[in-house]
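Undergrad: Sequence lines, in order, name chains A, B and C.
The first sequence maps to residues -19 to 319 in this note's numbering.
The second sequence maps to residues 41 to 418 in this note's numbering.
The third sequence maps to residues -3 to 531 in this note's numbering.
Just so you know, even glycine gets a beta-carbon here, dropped at the ideal spot from N, CA and C.
Computed from a prediction, not measured in an experiment: that's the story for all the values here.
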Amino acid sequence: MRAHRGIALATTGLAAALALAGCATDPADEEGALTVYVGRDEELVGPLIERFEEESGIDVEARYAATPELTALLLEEGEQTPAQVFLSQDAGALGALTDAGLAAEIPAELADLIPEGFTSQDGSWIGVTGRARVIAYDGEQLAEDDVPDTVDALTGEEWAGQVAFAPGNASFQSFITALRVLEGEDAAAEWVEGIAANDPELTENNLASLDLVNNGQVQLGLINHYYWFRQAAEVGADEMRAQLKFLPGDPGGIVNVTGAAILEGAADDPDARAFVEFLVSEEAQRYFVEETFEYPLLPGVDAPEGLPAIETLVNPGLDLSDLDSVEESQRLLADNGLI
Amino acid sequence: MSRLEVRDLTVGYEGGPVLHAVDVEVPHGELLAIVGPSGCGKTTLLRTIAGLLRAQSGEIRIGHRMVTTHGIHLAPEKRRIGWVPQDAALFPHLTVAENVAFGMLAGRGSSRAARRAAKSDEVRRLLDLVDLGPLANRAPGQLSGGQAQRVALARALAAGPELVLLDEPFGALDPMLRADLRASVRELLRAEGVTGILVTHDQAEALSIADHVAVLRGGEVLQLGTPEEVYQVPATPWVAGFVGDAVFLPGVLHGDEVATSIGRLRAVPVTDAAGLAPADGDDVTVLIRPEELRVRPAGSGAAAEAAPDGAAARAACAALEGIVTDVEYTGHDAMLAVSLADGMRLRARVTASGLVPRGTAVRLAVAGAVLAYRPEPA
Amino acid sequence: MTAQVATPSPRRPWGLIAASLVAVALAAIPVVHLVVRVVSADPAELAAVFERPRIPMLVGNSVLLATSVTATAVALGVPSAFLLARTRLRWRGLWAVLAALPLAMPSYLAAYGWLAWQPSMKGFWAAWLVLSFVSVPYVTLPVAAALRIGGTGLDDVARTLGRGPLGSFMLGTWPQIRPAVLAGGLLVALYTLSDFGGVALFRFPVLTTAIQQAYSASFSRDEAAVLAVLLVTLALLVVVGEQFARGRAARRIQAAPTAGRRRMTPLGRWAVPGTALLALVPAVAVVVPVAVLVSRVLTAETLREFDPANLASAIGNTVLLSAGGAVVAVALALPIGVLAARHRGRIVRAVESTGYLALGLPGIVVGLSLVFFSLSVVPALYQTALVLAFGYGVLFMPKAIGSIRAATGQVPTSLEDVSRTLGNSRARTWLTVTARLARPGIFAAAMLAAVSAMKELPATLMLRPTGTDTLAVELWQRTDVSAYGAAAPYAVALLLVAAVPAFLLSDARAGREATREAIAPDTRAGREANREVIA
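And the structure:
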């Protein structure tokens, strides 16, 4: 009987400990804490949130996970979500929330801070930073001039088996959409067919594509520019075998945005509003520039040093609203066996 | 009054009934042996009495308490019975004394309580009763098979049961040990005044230790009686063959005699379960126990005169001649196989003094009356 | 008296069935959630998913990987188990622990380590290598346990009948260990089907990676659900196949009584290759990736970010949460395991197989379903440690079933009969006799659930209390920003923490043997009969 009592005691104790652990680490129960779902890395966003807490006196409970997981989580939670703000790595995720009616409108005085084209048109979310699509190339095998100025060239035989990209990645799919808008459906279909036939290296995400270039497994990778800077911070810029080539004006060089949404339940929450306001403040924008090498979206804040100006990357023929037709892009990729 | 009463008990698994309308009764303090071939339902009967299986219909009464009746099934833990399974089933995590003590805890069994109770006088008394006092602190794994069975019995008795059920408890033991343990179990049950039921497939065991024997076949009780009744007046030829060696001959009944290939024998017709007895002129099956056949060397000429006892001489006996073709010698007696002139083979049991070598020509005689049965339907 | 044991109890154990159904209902939450989602989704959208040219390839890859990994794990695990349980091996204890160690290795961590060393690794062969070696213990542990119970008497008879060593092994020993091989193979196959981390890092496209893409690009839970239903279907085939094979094995074993004596084979000239095999598995699964990651610690710049307090709290959270998960998993698996050990029939089969299904699903799908469940049933507890521990329990309950079933099956029913007739109720008998004797197996089940919970990531990310980090979460946060150096301490810590239950698992197996020796020789016969029927 001693054994059973022991087990019973242990079980009760464990339950109590778990409950305690839950309470101790869940001050969201406390009135006033702002719960933010962060679809970006804690290492990057954590310090920024700390600054916000210090300056505003508002406690923030940040829940970190990848953007897709958090989006699925928010959609599953629906109106019961404990989150007040969602900081997303990608505009598509914010669009999905809006479609599900879960995003509250961003107050106009905030929404207007970000130039048109880099934020939602209906004010359902707000753009925070921009990241450019680039070609990462193997600096040991190629000189910058060897790297094409346009993705059109990548279907050529000389790049067979040498191009890595993540077909399931939202920013890659935005690029496909841009391709369709700028060059027409037929040309886009031809490109996708061509690249699919060109023995590409398909990866799960941008980072994996960059790693392949860095390791010399492939010569080219289609990624977002800031992954390179993140990795350079880890291993040192001198150690980076991969180099970046920007593609101004090309569909392959478009700018995607990260953004934030206030969730429906927090529509009138001043803390949520304060947090979003902080994200597009000069201080936060500068933080992103310095720490993540992303493009600031607030006019007047300088782009990271050494990067082409954001305006040069934007193709005048492309309206951001055109990028909503992601589903057609996915169908195109699916038909060619890429996703 | 009866200590155990089973009435019209039917038990079945999904495949159909295993016991049909079984009636059994055991008086207080006596031992019933249930015998039958494998699969006859004897273990099922025992488990149903224990409450480990549910009956479909019928009644079981232990003492004054109805434990099974229509719609009522008393849980095994409430039946106050002792259970001694074939494998002894000692709790491997408890010592010998703790195993016995576990039996005394009356529904509050636990390892710890057993450890505490193991030191009680009652446990010591029970262990002494089964002659295992010195082994009290052994682990079950260190016991021989016979010792384990005795511990199992002591454990069953520890609960002060009204009824002890033994499921082939001697099955796995060697013959010497078996006989020994058999006797001590009988003695113990008698000493404790406990009613017992013993399941066995060994008819000799059943006849030797039980007060009553129930013969089971195909889920039906063919006969319930004292060992003598079952052996001497078996209810059917099958029972006769199951509980002992038997010689069967076809014959025709004529009054108090039966005509067989070995001559006319004095016969007693047996009434079967359906109440039918063979009538004059009916074909019958004649049962002769091998010990009822008298064997004399042929050519002694005056078998009748030389007969050692008058009973044999007075018997209306038929005499036949044959050759001994085989001898099974067991020490206290011997079984002879005798080939008759017409090719028929009979088995006869003789005492050691009547032993004859193989090849001897002998003369057979039947002593006493034989039993005549209506032939069993094929 | 096998006939008596084999005979089904005429009375349906309704209490046990009810408890099992509750457990199964909880375990089926992810599957039910999926089916509901698929049924309520737009049919045209579903059809579009099925029409994709890539789908047959994804299904094919999932099947290919699951079969090849399972076959490899069996091919490596059975000889390993034989070496550990039946040969005169030097340093047996050490090898036993090493054989269990890969359990502590999350597939993503093993893949990550290998990739850091050999960046060119990719595709089927890379995924096959890492997943196979990481899952070998799922076969080695139960098979070694079965070998320790079984005897070599039949092998000896076969030898006298002119069979060679291998032939007599197949004739005598194989039928005894076949159920354990099948049970282990089942876990490996389901684990492989559900794995995302390993295959994703090696860029081998399977159903789980496609599910992840559905969430990450289209943010479409319907599309993900359709793909997940395909995965569940594969899992169902695996589970039913295993049950079918097990049923056949059980019948065959019943016909052949096992002999109790066990003979230890001297290794002789097999000493070197045998030892090499035992060393190979932990080397590939654990030593290489860990060595590579540790070497990264020494070179990386991000090491300075290392925060011991943070690590300590992550360890504490991991231990507490996984312990809670193990308790829940065992509580849920107990009725199912006991039911499967003691009873047969269609209900039992259905209950058992449903219990296993969720194991074939990737964590993100299970995590979302538990989000839905906890929000609808206990919204107040949503994103608390209790719900996360409960989630672990639901996730890893299937891994506990097998061990509990085997341990319960080894307790002779005659012991329960005796206890009942001595006045103890069914429940008390279960507690004081059956559970007491099955304790090592129940403990092993808890350890298996605990080690799985420690490595779990996707469901943890969704269900954990906001701000509570486990080692797996910390590790993910660092590998995701490719901070090798910062990740390494957490990787090593996770491995060390998870090595504790893995170690106990190898130890628990040995402990179980000790208990077994204590069982009387006569009762052993009864127990053997018991096991045969149930196996």
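Determine which residues share a DSSP beta bridge with Y17(A) and list them.
TA: Bridge partners of Y17(A): R43(A) and F66(A).
Undergrad: Suppose contacts are defined by Cβ-Cβ distances below 8 Å. Is T475(C) in contact with S150(B) by that definition?
TA: In this structure, S150(B) does not lie closer than 8 Å to T475(C) by Cβ.
Undergrad: Going straight from the alpha carbon of V107(B) to that of V225(B), what length do you get?
TA: If I take the Cα positions, the gap works out to 26 Å.
Undergrad: If we ignore side chains and look at the alpha-carbon of each, how far apart do V496(C) and A446(C) end up?
TA: Cα to Cα, the separation comes out at about 10 Å.
Undergrad: Is the Cβ of A521(C) closer than 8 Å to any Cβ of chain A?
TA: Legend: pLDDT at A521(C) = 34, less than 50; position of this residue unreliable, no value from coordinates given.
Undergrad: On the DSSP bridge assignment, give the partners of T157(A) in chain order.
TA: Per DSSP, none; premise fails for T157(A).
Undergrad: Find the nearest neighbour of I237(B) within the set L217(B), L175(B), E208(B) and L262(B), judged by alpha-carbon distance.
TA: Here the closest residue by C-alpha is E208(B).
Undergrad: Helix, strand or coil for D48(B) per DSSP?
TA: Strand, per DSSP.
Undergrad: Identify, in the order they occur along the chain, each residue of the same chain with its Cβ nearer than 6 Å to the Cβ of L411(C), setting aside the five sequence neighbours on each side.
TA: So the list reads V429, once near-sequence residues are dropped.
Undergrad: Do you know offhand how far G532(C)'s Cα is from T15(A)'s?
TA: With chain C covering only -3 through 531, there is no way to say anything about residue 532(C).
Undergrad: Can the beta-carbon of L318(A) be found less than 8 Å from the beta-carbon of L182(A)?
TA: Yes, the Cβ-Cβ distance between L318(A) and L182(A) is below 8 Å.
Undergrad: Note down the Cα distance separating E244(A) from V40(A), rounded to an integer number of angstroms.
TA: Roughly 18 Å separates the two Cα atoms.
Undergrad: Using alpha carbons as the reference points, say which of F32(A), G19(A) and P27(A) lies closest to R43(A).
TA: Of F32(A), G19(A) and P27(A), the residue nearest in Cα terms is G19(A).
Undergrad: Would you kindly work out how many angstroms separate the C-alpha atoms of E345(B) and L217(B), rounded to a whole number?
TA: For E345(B), the predicted model reports a pLDDT of 43, less than 50, meaning its position is unreliable; a value from the coordinates is still stated below. Rounded to the nearest angstrom, the two C-alpha atoms are 45 Å apart.
Undergrad: Classify N177(B) as buried or exposed, calling it buried when 16 or more other Cβ atoms lie within 10 Å of its own Cβ.
TA: Counting Cβ neighbours within 10 Å, N177(B) comes out exposed, since fewer than 16 surround it.
Undergrad: Have a look at the DSSP bridge pairing and note the partners of S97(B).
TA: S97(B) pairs with T50(B).
Undergrad: Contact between the stretch 362 to 369 of chain C and the stretch 43 to 56 of chain A is defined here as three or more beta-carbon pairs at a separation below 8 Å; is this criterion met?
TA: Yes, they touch.
Undergrad: Which residues mark the beginning and the end of the alpha helix (DSSP H) in which L122(A) is found?
TA: Where L122(A) is concerned, there is no enclosing alpha helix (DSSP H), given that its DSSP letter is neither H nor E.
Undergrad: Rounded to the nearest angstrom, what separates A176(C) and F78(C) at their Cα positions?
TA: Approximately 13 Å between the Cα atoms of the pair.
Undergrad: For the structure I just gave you, are there three or more beta carbon pairs, one from the stretch 100 to 107 of chain C and one from the stretch 126 to 137 of chain C, closer than 8 Å?
TA: Output reads yes: the stretch 126 to 137 of chain C touches the stretch 100 to 107 of chain C.
Undergrad: What does D323(B) pair with, by DSSP beta-bridge criteria?
TA: Partner(s): V292(B).
Undergrad: Return the CA-CA distance between L169(B) and R230(B), expressed in angstroms with no decimal places.
TA: Going by the C-alpha atoms only, they are around 12 Å apart.
Undergrad: Assign P26(C) to buried or exposed, taking buried as 16 or more other Cβ atoms, counted over all protein chains shown, within 10 Å of its Cβ.
TA: P26(C) comes out buried.
Undergrad: Classify D191(A) as buried or exposed, calling it buried when 16 or more other Cβ atoms lie within 10 Å of its own Cβ.
TA: Looking at its Cβ environment, which holds 16 or more other Cβ atoms inside 10 Å, D191(A) is buried.
Undergrad: Who are the neighbours of Q197(A) on chain C, taking C-beta pairs under 7 Å?
TA: The answer, in chain order, is P115 and S116.
Undergrad: Taking just the CA atoms, how far does V469(C) sit from L457(C)?
TA: Each residue's Cα considered, the two are about 7 Å apart.
Undergrad: Any contact of the stretch 132 to 146 of chain A with the stretch 164 to 175 of chain A, i.e. 3+ C-beta pairs under 8 Å?
TA: Judged by Cβ distances under 8 Å, the stretch 132 to 146 of chain A makes contact with the stretch 164 to 175 of chain A, as three or more pairs qualify.
Undergrad: Find the nearest neighbour of V324(C) within the set V93(C), A381(C) and I145(C), judged by alpha-carbon distance.
TA: Residue A381(C) is the option with its Cα nearest to V324(C).
Undergrad: Pull the bridge partners of L162(A) from the DSSP assignment, please.
TA: Answer is none; L162(A) lacks a bridge partner.
Undergrad: Where DSSP assigns a beta bridge to M429(B), which residues make up the other side?
TA: Since the displayed chain B opens at 41 and closes at 418, residue 429(B) lies outside it and no answer follows.
Undergrad: Determine the contact status of G109(C) and V284(C), defining contact as a CB-CB distance below 8 Å.
TA: Taking 8 Å as the Cβ cut-off, G109(C) and V284(C) qualify as a contacting pair.
Undergrad: Which of helix, strand or coil does DSSP assign to P337(B)?
TA: Three-state result, P337(B): strand.
Undergrad: On the premise that A199(B) lies in contact with G103(B), defined as a C-beta separation below 8 Å, what is that separation, rounded to the nearest angstrom?
TA: That pair is no contact at about 15 Å.
Undergrad: Can you pull the chain B residues whose beta carbon is under 7 Å from the beta carbon of V429(C), in chain order?
TA: Neighbours of V429(C) on chain B, chain order: F131.
Undergrad: What in chain A is Cβ-close to S217(C), meaning under 8 Å?
TA: The question names Ser, but residue 217(C) in the sequence shown is Arg. By Cβ distance, chain A contributes A52, L55 and E56.
Undergrad: Taking the Cβ atom as the reference point for each residue, do V324(B) and L293(B) lie within a distance shorter than 8 Å?
TA: Contact flag set, yes.
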